[in-house]
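Protein chains in written order, with this note's numbering: chain W, 1 to 258; chain G, 1001 to 1258.
The C-beta atom is built at its ideal place from N, Cα and C for all residues, glycine as well.
Remember, predicted model here, so these are calculated numbers, not experimental data.
Taking it in order: structure first as structure tokens, then the write-up.
The following block contains the structure:
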């Protein structure tokens, strides 16, 4: 039986009880059928990872019989007690994914997989051909938290609110190299473009229809921007985001530390 | 208006009409609202890519009014006439993905994304901890065809029937290096393991629960097998498949040809 791993936004210290969220309590009790005394692992992005025990676990037994359980004050609940630190906090190398706002399914996939691939910040950007003009940061944040729990990260990537691409670039720290996946335009292979990089770095993926020519010209004029090719096939935007991040981590990121 | 791109399993030659499948005809007429005379692009994996015209397009007008249109002989239909070859046939470098049979959603994602990433053969394998004991090759083949149409490949990857891992390894061509994504075991980073490779090569991804120890020991005893690390996080199996393929293509595959 595997040990559930939970992200909590609360200080973690030996012997100091912390409450689980109602969703986590329901998952522990109702889905995983865990009971008081069972082990869990906790992390909060600041205090490392802790082996903990479930102390109290109570179920909202009336929930299923009512239509809107959110109005009820008796929720599923759990108290968790950290016992022993199992991993010291690390600070992962800063890897930013800038991605044109895409349809919901594509953004959901990106939030999950970019978390597994070690992105520390996901910044949705609005481009001239963007399909969407907003993203649901709360939804993406919750997907990223679940992915961080599952992939054994000690941090959860930040999901920034969608912002206009030019505004993000105007505020960019020029010391951080930004690779742009450029399709249908001459660009060096990513293995070459990334060969001399080390974190912090960032990857920018455009919308399904690609950047407009003037937009790409403006991008490539910025001194911190370099174009990079992701091969001879036309990738869907979400594929480009994940494949580009994987290639960057393998070539220049934390996959290099065998 | 973008030009639809279709895979047809029929010879393509100038002026020789070819029938679309009922599904393609429905997509052209009913979804994309194309009519006779409109352009399409065709490929069959053998004769390159052809600019073609829609010659006849007829719709099964009774379909919507009946419950089971499959029993009707009057289907949506289209005749397409190749006019001019736009790309010569290429033969992509052989890149095989061996992947433990996973749940349907994960296999669907792999069929689509591995096609975009240039896999030429997807071989589902049965391992001791495999969740599934079969895969639907027809379904995966249809997903791969659609992905090939979309990503501008000239070939569709072959989807092999699921087979026992040891049987696949026993029949393996020892000249083809096979990298195994090994989690929780010392392995060189994939950038190092793949540095000297060039196609043909293959990647093996285990099941969600990982390989059994004896199974992995047996794997690593084979002279054509090398372990490779996909970084410090625990990746879902489908993430490992796509991220590993992307890293391999970037480091040693056809992404290197700027």
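- Close CB contacts of residue 1197 of chain G within its chain, under the 7 Å cut and outside five residues either way in sequence, are with 1177, 1252 (chain order).
- Here the alpha carbon of residue 1228 of chain G sits roughly 12 Å from the alpha carbon of residue 1245 of chain G.
- For residue 1226 of chain G, the CB contacts under 6 Å within the same chain, skipping 5 residues up- and downstream, are 1179, 1193 in chain order.
- By the 16-neighbour rule on beta-carbons within 10 angstroms, residue 1001 of chain G is exposed.
- If you draw a straight line from the Cα of residue 1088 of chain G to the Cα of residue 1079 of chain G, it comes to about 23 Å.
- Straight through space, the alpha carbons of residue 90 of chain W and residue 139 of chain W are spaced by roughly 25 Å.
- Ranked by Cα distance from residue 1165 of chain G, the first of G:1211, G:1144, G:1051, G:1143 is G:1211.
- Here DSSP, grouped into helix, strand and coil, assigns residue 31 of chain W to helix.
- Contact between residue 1215 of chain G and residue 1134 of chain G does not hold, since their C-beta atoms are separated by about 19 Å, which reaches or exceeds 8 Å.
- Rounded to the nearest whole angstrom, the C-alpha separation of residue 109 of chain W and residue 255 of chain W is 21 Å.
- Neighbours of residue 1242 of chain G in chain W, taken as residues at a C-beta separation under 9 Å, are given in chain order as 113, 239, 242, 243, 246.
- Put simply, the stretch 200-209 of chain W does not touch the stretch 151-158 of chain W. Fewer than three CB pairs are less than 8 Å apart.
- Its chain contains 6, 8, 28, 77, 78, 79, 80 as the residues whose beta carbon lies nearer than 8 Å to that of residue 20 of chain W, once the 5 sequence neighbours on both sides are disregarded; these appear in chain order.
- Secondary structure at residue 1084 of chain G: strand, using DSSP grouped into helix, strand and coil.
- DSSP, reduced to helix, strand and coil, places residue 5 of chain W within a strand of the structure shown.
- Annotation: residue 1158 of chain G has no Cβ neighbours in chain W at a cutoff of 8 Å; minimum Cβ distance is about 17 Å.
- Residue 1175 of chain G has its alpha-carbon roughly 12 Å from the corresponding atom of residue 1222 of chain G.
- Cβ-Cβ separation between residue 55 of chain W and residue 36 of chain W: approximately 6 Å, consistent with a contact (criterion under 8 Å).
- Taking CB atoms only, residue 1128 of chain G has no neighbour in chain W less than 8 Å away.
- The residue from W:51, W:32, W:124, W:53 with its alpha-carbon nearest to that of residue 238 of chain W is W:124.
- Secondary structure at residue 1209 of chain G: coil, using DSSP grouped into helix, strand and coil.
- Every alpha helix (DSSP H) of 4 residues or more that sits fully in the stretch 136-196 of chain W is shown, in chain order, as 137-151, 165-170, 190-193.
- Taking C-beta atoms as the reference points, residue 250 of chain W and residue 1247 of chain G count as a pair closer than 8 Å.
- When CB distances to chain G are screened at a threshold of 8 Å, the residues of the stretch 115-146 of chain W falling below it are 116, 117, 118, in chain order.
- CA-CA distance, residue 115 of chain W to residue 144 of chain W, rounds to 6 Å.
- The beta carbons of residue 57 of chain W and residue 25 of chain W sit closer together than 8 Å.
- Nearest C-alpha to residue 1126 of chain G among G:1104, G:1142, G:1100, G:1137: G:1100.
- With a threshold of 8 Å between beta carbons, residue 1216 of chain G makes no contact with chain W.
- Assigned with DSSP and collapsed to three states, residue 119 of chain W falls in coil, not helix or strand.
- In the structure shown, the three-state DSSP call for residue 1131 of chain G is coil.
- In this structure, the straight-line span from the alpha carbon of residue 1160 of chain G to that of residue 118 of chain W is close to 32 Å.
- Contact of residue 1151 of chain G with chain W by beta-carbon distance below 9 Å involves 233, 234, 235, 236, 239.
- Secondary structure at residue 1054 of chain G: strand, using DSSP grouped into helix, strand and coil.
- Among the residues of chain W, those whose CB is under 9 Å from the CB of residue 1251 of chain G are 191, 247, 250, 251, following chain order.
- Taking C-beta atoms as the reference points, residue 42 of chain W and residue 203 of chain W fail to come closer than 8 Å.
- Cβ contact annotation for residue 1183 of chain G (same chain, cutoff 7 Å, sequence separation greater than five): 1210, 1234, in chain order.
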